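Note sheet for the following structure.
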Amino acid sequence: MPDDLSGALHLLWTLSHEPATTNDGPPKSIPVIDSSPKLFALIIGIDEYKSLWVRDLRGAVADAKDVENYLKDDLKVHADQIRTLHNKEATRAAIIKALQDLPKDPRIQPDDPILIFFAGHGGEKNPPKEWGFQDNKIQYILPHDIKTQDEANNAIHGIPDRTLGTLLNELAKSKGDNISVIFDCCHSGSGTRTDEVEPERLARVVEIEDVPPELDMHIWNDEERCKDETRGAFLAPGFVRCGLRSHVLIAACGAEEKAREHCGRGIFTEALVKTLRSVGADKVTYQDVLKRIPALPSDQNPQCEGVNRDRILFNAKAPNSGRFFYTVSFDGGEFVMEAGTAHGLTDGAEFTIYKEQDMSSRLGVFATKKKEDLRLYVVPNDNLNGVFQALAQHMSSPDSSHRRILLVELDKDPHIMIDFKEGKIVFNTFNPLLTKYGFTRMPYSVDNNIDDIYPVIQAAAHFRWYLDVKNPSHILQNKVKVHFYQVHESGRTDDDFNTIYEDDGNDLHVDGEVYIGEDPSKFYAFKIFNESSLSLYPYLFYFNNNDFEILSFYQPPFGRYKVDVPLKPYSSFTIGYGSGGSIPVIFELPPGKDLDVGFLKLFLTTKIINYSEIPQGSAFPNNSSRAAQWAPVKPQAEIWDTIMIPVIQKRGHVNDSV
Numbered sequence: 001m002p003d004d005l006s007g008a009l010h011l012l013w014t015l016s017h018e019p020a021t022t023n024d025g026p027p028k029s030i031p032v033i034d035s036s037p038k039l040f041a042l043i044i045g046i047d048e049y050k051s052l053w054v055r056d057l058r059g060a061v062a063d064a065k066d067v068e069n070y071l072k073d074d075l076k077v078h079a080d081q082i083r084t085l086h087n088k089e090a091t092r093a094a095i096i097k098a099l100q101d102l103p104k105d106p107r108i109q110p111d112d113p114i115l116i117f118f119a120g121h122g123g124e125k126n127p128p129k130e131w132g133f134q135d136n137k138i139q140y141i142l143p144h145d146i147k148t149q150d151e152a153n154n155a156i157h158g159i160p161d162r163t164l165g166t167l168l169n170e171l172a173k174s175k176g177d178n179i180s181v182i183f184d185c186c187h188s189g190s191g192t193r194t195d196e197v198e199p200e201r202l203a204r205v206v207e208i209e210d211v212p213p214e215l216d217m218h219i220w221n222d223e224e225r226c227k228d229e230t231r232g233a234f235l236a237p238g239f240v241r242c243g244l245r246s247h248v249l250i251a252a253c254g255a256e257e258k259a260r261e262h263c264g265r266g267i268f269t270e271a272l273v274k275t276l277r278s279v280g281a282d283k284v285t286y287q288d289v290l291k292r293i294p295a296l297p298s299d300q301n302p303q304c305e306g307v308n309r310d311r312i313l314f315n316a317k318a319p320n321s322g323r324f325f326y327t328v329s330f331d332g333g334e335f336v337m338e339a340g341t342a343h344g345l346t347d348g349a350e351f352t353i354y355k356e357q358d359m360s361s362r363l364g365v366f367a368t369k370k371k372e373d374l375r376l377y378v379v380p381n382d383n384l385n386g387v388f389q390a391l392a393q394h395m396s397s398p399d400s401s402h403r404r405i406l407l408v409e410l411d412k413d414p415h416i417m418i419d420f421k422e423g424k425i426v427f428n429t430f431n432p433l434l435t436k437y438g439f440t441r442m443p444y445s446v447d448n449n450i451d452d453i454y455p456v457i458q459a460a461a462h463f464r465w466y467l468d469v470k471n472p473s474h475i476l477q478n479k480v481k482v483h484f485y486q487v488h489e490s491g492r493t494d495d496d497f498n499t500i501y502e503d504d505g506n507d508l509h510v511d512g513e514v515y516i517g518e519d520p521s522k523f524y525a526f527k528i529f530n531e532s533s534l535s536l537y538p539y540l541f542y543f544n545n546n547d548f549e550i551l552s553f554y555q556p557p558f559g560r561y562k563v564d565v566p567l568k569p570y571s572s573f574t575i576g577y578g579s580g581g582s583i584p585v586i587f588e589l590p591p592g593k594d595l596d597v598g599f600l601k602l603f604l605t606t607k608i609i610n611y612s613e614i615p616q617g618s619a620f621p622n623n624s625s626r627a628a629q630w631a632p633v634k635p636q637a638e639i640w641d642t643i644m645i646p647v648i649q650k651r652g653h654v655n656d657s658v
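Position one of the sequence shown corresponds to residue 1 (full-length UniProt numbering), numbered consecutively onward.
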């Protein structure tokens with residue numbers, strides 16, 4: 001029997017090839033294919049608290065059981081892949097041990113989906129001064145035995161976010177970042193008068209005491225730095241899986257809101273599971289789920305945070321990068337789409353309308369005036385005739401996921417030129433924002449075949465589309481300032497025990513440009529100053545002209561109705577450093593190059609916008625280098641703007657800060 005036949009093929013081969021014989025021996029074992037999902041879950045629900053000082057809840061265990069039943073009945077997850085802790089089972093020690101057991105579970109393979117669900121009380125408190133930071137409060141989940149004592153008469157505290165962060169980082173390093181964390185609890189304030197007036201509508205929050213500075217130090221001391229190797233403009237080593245890069249967090253409410261339960265259920269979890277059962281977890285991203293959850297009572301707005309929030313739920317895969325979905329409604333005889341100029345949707349945009357996001361029910365195609373996304377010039381060359389014809393055929397394809405590309409002559413202002421040099425296809429740029437610095441040719445080439453060339457052209461069109469997005473009125477240009485700093489270690493750590501970086505006070509953003517030298521050991525970060533009276537949502541991306549990669553340096557939390565505002569009026573917000581412990585950036589020249597030009601682009605909006613479709617990977621797979629809502633009298637258009645800064649690297653350039 002062939003060695004490579006297994007599972008169902010093994011059975012088929014056996015039935016069709018083995019002769020019918022009598023056999024008095026034991027029956028042969030037949031391999032069975034296990035088609036159950038490789039999803040593992042830790043589900044915690046706490047209604048009953050041991051201490052008389054903690055009000056019991058009524059719906060947390062019911063929430064946990066509902067999530068468990070959803071996994072088993074709807075997703076067909078085996079019961080032995082789900083670990084549950086209810087009430088007295090969910091002690092502090094048991095919760096921490098369960099989290100520590102996940103990285104050690106040999107059944108869990110890298111990138112298998114892992115779900116961690118908690119329903120119960122939360123809390124918030126200032127950190128001990130010995131922890132070295134006082135700007136942010138520490139948030140906790142509260143175990144069954146909170147506000148009691150252990151056998152040694154030591155007080156039992158909540159589990160702080162820095163401990164949870166360390167445990168999640170360890171899990172991500174071992175099993176990958178396909179981790180979903182769902183918290184149906186709140187942290188802000190304490191039980192309110194609403195709990196007394198409406199006892200059936202309880203807030204899941206408790207006032208807690210100060211914690212000792214040595215709390216969970218043994219866990220933090222086990223934390224090792226995360227490591228990753230990249231090039232170009234990239235996130236500094238030590239941060240790749242730290243913070244919200246290790247997992248996606250769905251929270252039941254905003255930072256200043258209350259997560260409530262009503263009639264024996266958590267309002268959020270009940271709505272979440274109903275939504276998942278109606279749409280299917282395999283068809284929606286984390287952000288999509290929040291869009292589909294109906295408005296919750298009690299001014300409760302679920303939030304989604306994490307770099308990978310645009311992935312399919314419980315799946316490490318991102319949705320098809322060529323298709324972006326916007327909600328469409330029919331109002332007053334018109335189709336209204338929840339997208340506009342802030343998405344780059346101007347004349348020339350074309351849309352296919354579907355009943356559902358799985359694209360199984362196409363309703364029609366809507367288009368505006370025709371306009372190309374990219375103008376392409378192909379140098380006359382016998383070696384490129386086949387490429388030219390194949391490109392023309394691809395461009396005439398009705399596939400709405402493709403950007404519109406126009407083949408033009410050299411005198412028609414092309415964006416990109418394709419040429420044939422030394423047996424390879426090379427790409428030249430005519431973008432004056434690049435050529436003014438001497439950047440004319442991309443450093444990478446591909447083979448002379450359409451399968452290698454066309455993805456580069458599509459990536460270039462996507463790249464150009466979002467690079468060109470701007471508000472002609474530049475309404476915020478003089479109200480928002482971006483500072484670009486070199487940063488260094490402060491000697492302090494944040495609540496997740498990550499190093500806090502500080503700027504050197506020297507803004508490298510001078511006269512609209514940033515010049516830096518080639519030194520990959522230097523870390524850089526950004527500070528945005530809002531000098532306007534508006535509450536703003538910032539989105540920061542880096543456009544890498546070497547390979548059309550677009551990196552996301554920051555996107556705010558996502559929610560359907562109300563989202564916490566990162567950049568408040570007359571305030572500042574740091575990206576890559578500060579007490580938030582976010583991720584610094586490194587810049588490095590590609591091999592053999594003395595010059596590189598990339599673009600930092602900051603999108604600013606007064607309304608949360610889904611920009612998850614902007615980032616894209618390198619167009620060259622073998623490249624190992626990476627450089628407010630008003631009253632409905634007449635709705636005011638949301639204010640938005642962009643700021644773009646060239647970042648030029650030159651070999652031998654010395655920063656003024658050095």
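By construction, the Cβ of each residue, glycine as well, lies at the ideal position given by its N, Cα and C atoms.
Since this is a predicted model, take the numbers as computed values, not measurements.
The continuous beta strand (DSSP E) containing E305 extends over residues Q303 to E305. Rounded to the nearest angstrom, the gap between the Cα atoms of T642 and T148 is 53 Å. Its Cα nearest to that of I179, the residue H247 stands out among K650, H247, I425 and P212.
By the criterion of a C-beta distance shorter than 6 Å, V211 is surrounded in its chain by H157, once the five residues flanking it on both sides are discounted. For D468, the uninterrupted alpha helix (DSSP H) segment begins and ends at I450 to D468. Taking the C-beta atoms as reference points, T269 is found nearer than 7 Å to D63.
Bounds of the beta strand (DSSP E) holding F587 are V585 to F587. With 16 or more neighbouring CB atoms inside 10 Å of its own CB, K173 falls in the buried class. Remark: C-beta atoms of A251 and F314 do not approach each other more closely than 7 Å.
The Cβ neighbour count for Y570, taken over all protein chains shown within 10 Å, is under 16; the residue is labelled exposed.
Residue pairing by DSSP places Y537 opposite T605 in a beta bridge. Around the beta carbon of W53, a 10 Å sphere encloses fewer than 16 other beta carbons of the protein chains shown; the residue is thus reported as exposed.
The residues R92, I95, I96, Y140, I141 and P143, in chain order, have a CB closer than 7 Å to that of I159 in the same chain once the five nearest residues on each side in sequence are set aside. Within the region 40-112, the runs of alpha helix (DSSP H) that reach at least 4 residues and sit entirely inside it are, in chain order, 60-69 and 92-101. Rounded to whole angstroms, the gap between the alpha carbons of A281 and K274 is 11 Å.
In the DSSP annotation of this structure, S174 is not part of any beta strand (DSSP E); the continuous alpha helix (DSSP H) holding it starts and ends at D161 to K175. At the C-beta level, C304 and Y286 come within 7 Å of one another.
For R375, the enclosing beta strand (DSSP E) stretches over residues L374 to V378. The DSSP-derived three-state label of V426 is strand. A residue is called buried when at least 16 other Cβ atoms come within 10 angstroms of its Cβ; G438 does not meet this threshold and is exposed.
Pairwise C-beta distances place the region 531-542 out of contact with the region 422-438, as fewer than three of them are shorter than 8 Å. Per the C-alpha coordinates, the member of P584, I516 and R375 positioned closest to L595 is I516. Beyond the five residues adjoining it in sequence on each side, N126 comes within less than 8 Å, by CB distance, of Q134, K137, I138 and D210 in the same chain, given in chain order. The alpha-carbon of T429 is positioned some 44 Å away from that of G491. Secondary structure of T285 (DSSP, three-state): strand. Under DSSP, Q649 takes part in a beta bridge, and its partners are I516 and D596.
Beta-bridge partners of A525 (DSSP): Y485.
A Cβ-Cβ contact shorter than 7 Å links I405 with L374. Counting along the chain, the unbroken beta strand (DSSP E) around F183 starts and ends at I179 to D184.
Counting along the chain, the unbroken beta strand (DSSP E) around V248 starts and ends at V248 to A251.
Between P646 and F599 the beta-carbon gap is near 6 Å, inside 8 Å, which marks them as a contact. Annotated as distal: P590 and P455, with beta-carbon spacing of 7 Å or more. Distance from the CA atom of A619 to the CA atom of N449, rounded to whole angstroms, is 15 Å. About 7 Å separates the Cβ atoms of V487 and G576, confirming a contact at the 8 Å cut-off. A distance of 7 Å or more separates the beta carbons of E513 and Q649.
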